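Report on the following structure.
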Amino acid sequence: MSLTVEEIRAAIEALVAAGENPTQVKVRAKLGRGSYATINKVLREWRQEKNSEPSAVGLANQYSKSMDANELLSLYAGGERNFSEIDLSEVFLVEAILPAIDLSSADLRGANLTKINLRAANLKGANLRNANLQGADLSGADLTEAFLQNADLTSAYLKGARLTMVKLEGAKLQSADLTGAYLQQAQLPNVDLSNTSLVGVLFNQANLRGVNLSGANLSGADLSQAQMHQAILVRANLSNTKLYYTSLGKANLFRANLSKADLTATQLQEANLDEADLSNVVLNTSNFSNSSLQRSKLTNAIAINNNGITLNNANLSGTDLSGAKLPRANFKQANLAETNFSGVSMIEAEFTQANISGAKLNGANLQKANLTQATIMDADLTGADLSGANCDRTNFLGSNLQDVNFTGVTNKASALFPDDL
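Residue numbers (our numbering): 290 to 710.
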């Protein structure tokens, strides 16, 4: 038979009359039964009523709902698991073993939880601000909407943990294992996640602005619609990730591995992708304007959407695009010097005022491409198809034009060709 509110209130008043602090532990001990969640709810209501009375100054502090480590461990050992809304601020629970405990909405501010075992624990809405969780095991724990601002989660285990809409501003997560964790709509701006394991993590719609993911393993992660403006992803593993509609403007992706990633509608304006691996990526309507892709690898990249991808003013010098399919791509005013376009399909691509000097274009498909004022000096166009292309004032001086298909080329008379053509 469940306890009534009246029974709980009677126990509270009896403790007060005896000059004791009516903590939920003492109230339950006096009653001999009942859940801590129910007792805590009545205690909270009772405190609120007392605080509204003129003579109740200081009662909020006098009658706290706090519990010390020994009380909690003793009750847990006795089979109790429900510690919802309990005050454990600044508690010392180093290396405690508390799997499957219910600490939802609990106050754990500043608590020392180093190497604690909280596997499969319920920490929904818990306040863990400034808590020390170094090396803690939170595998499978539910931290939905928890407050982890400035918490230290260095080397913590968070495999499969639910961190949806969690607040992690200022938290330390270096070398943490978040494999398979759920971080949808999480707030992690400027957080240091360098060298962390984030394989298969769900980050969709998360705030990752300015986050440091250098050396992190994000293979197979879902980062769709995430905000990653100015994120640091140097040498990060982003292979097979979902990045559609993700904002990566001004991000640093130097030497990052993006092979087989889906970059549909990804915003990468002014990003640094130098020496990055973008082989076999999907690039539909991706925006790389003003970005740098020097010596990067885009072999077999695919962009089949009618709108193409945007690479205007981008620096792709020395980039390998061999075998890519980039119809209607926009390379306007891009630096494509010494880029490898061997066998690339770029039908109806835009190359106005682009620098393509020294590039390899052998076997490339440039049908109906716009090459207005493009500089294609000292390039290899052996066997390239330029049928129907616009060559208005295009500069081909010094280039190898053997077996090039110029059928139907427009404005050919204004173009500059080598003397031996």
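Glycine is no exception: its CB is placed at the ideal position from the N, C-alpha and C atoms. Small disclaimer: the values here were computed from a predicted structure and weren't measured.
- From the listed residues Gly414, Phe492 and Asn651, the smallest Cα separation to Thr671 is found for Asn651.
- Contact annotation: Ala554 and Leu527 have beta-carbon atoms that are not nearer than 8 Å.
- Only residues of its own chain outside the window of five on either side were considered, and among them Lys649, Asn651 and Asn689 have a CB closer than 6 Å to the CB of Asp669, listed in chain order.
- Counting of Cβ neighbours within 10 angstroms places Thr661 among the buried residues, the total reaching 16 or more.
- By alpha-carbon distance to Gly414, the top candidate from Asn659, Ser373 and Asn679 is Ser373.
- According to DSSP, Arg298 shares a beta bridge with no other residue.
- In the DSSP assignment, Tyr325 falls within the alpha helix (DSSP H) that extends over Tyr325 to Asn340.
- Leu557 and Ser378 have their C-alpha atoms roughly 43 Å apart.
- Each of Ala702, Lys539 and Ile598 was checked against the Cα of Ser581, and the nearest Cα belongs to Lys539.
- Distance from the CA atom of Ala409 to the CA atom of Tyr471, rounded to whole angstroms, is 14 Å.
- Under the three-state reduction of DSSP output, Val490 falls in the coil class, being neither helix nor strand.
- Per the coordinates, the alpha-carbon of Gln463 lies some 23 Å from the alpha-carbon of Phe381.
- Between Leu610 and Leu587, the gap from beta carbon to beta carbon is short of 8 Å.
- Rounded to the nearest angstrom, the Cβ distance from Ile521 to Leu547 is 15 Å, too far for a contact under 8 Å.
- Residue environment: Asn596 is assigned as exposed (fewer than 16 neighbouring CB atoms within 10 Å of its CB, all protein chains considered).
- Partner residues in a beta bridge of Asn484, as assigned by DSSP, do not exist.
- Among the bridge pairs identified by DSSP, Tyr471 is matched with Arg451 and Leu491.
- Each of Glu458, Gln476, Gln622 and Pro388 was checked against the Cα of Arg418, and the nearest Cα belongs to Glu458.
- Between Asp391 and Leu407 the beta-carbon gap is near 11 Å, outside 8 Å, which marks them as no contact.
- By the Cβ-count criterion, Pro616 is buried, with 16 or more other Cβ atoms from all chains shown falling within 10 Å of its own Cβ.
- The Cβ neighbour count for Pro311, taken over all protein chains shown within 10 Å, is at least 16; the residue is labelled buried.
- If you draw a straight line from the Cα of Phe630 to the Cα of Leu402, it is about 55 Å long.
- For Ser428, the secondary structure class from DSSP, reduced to helix, strand or coil, is coil.
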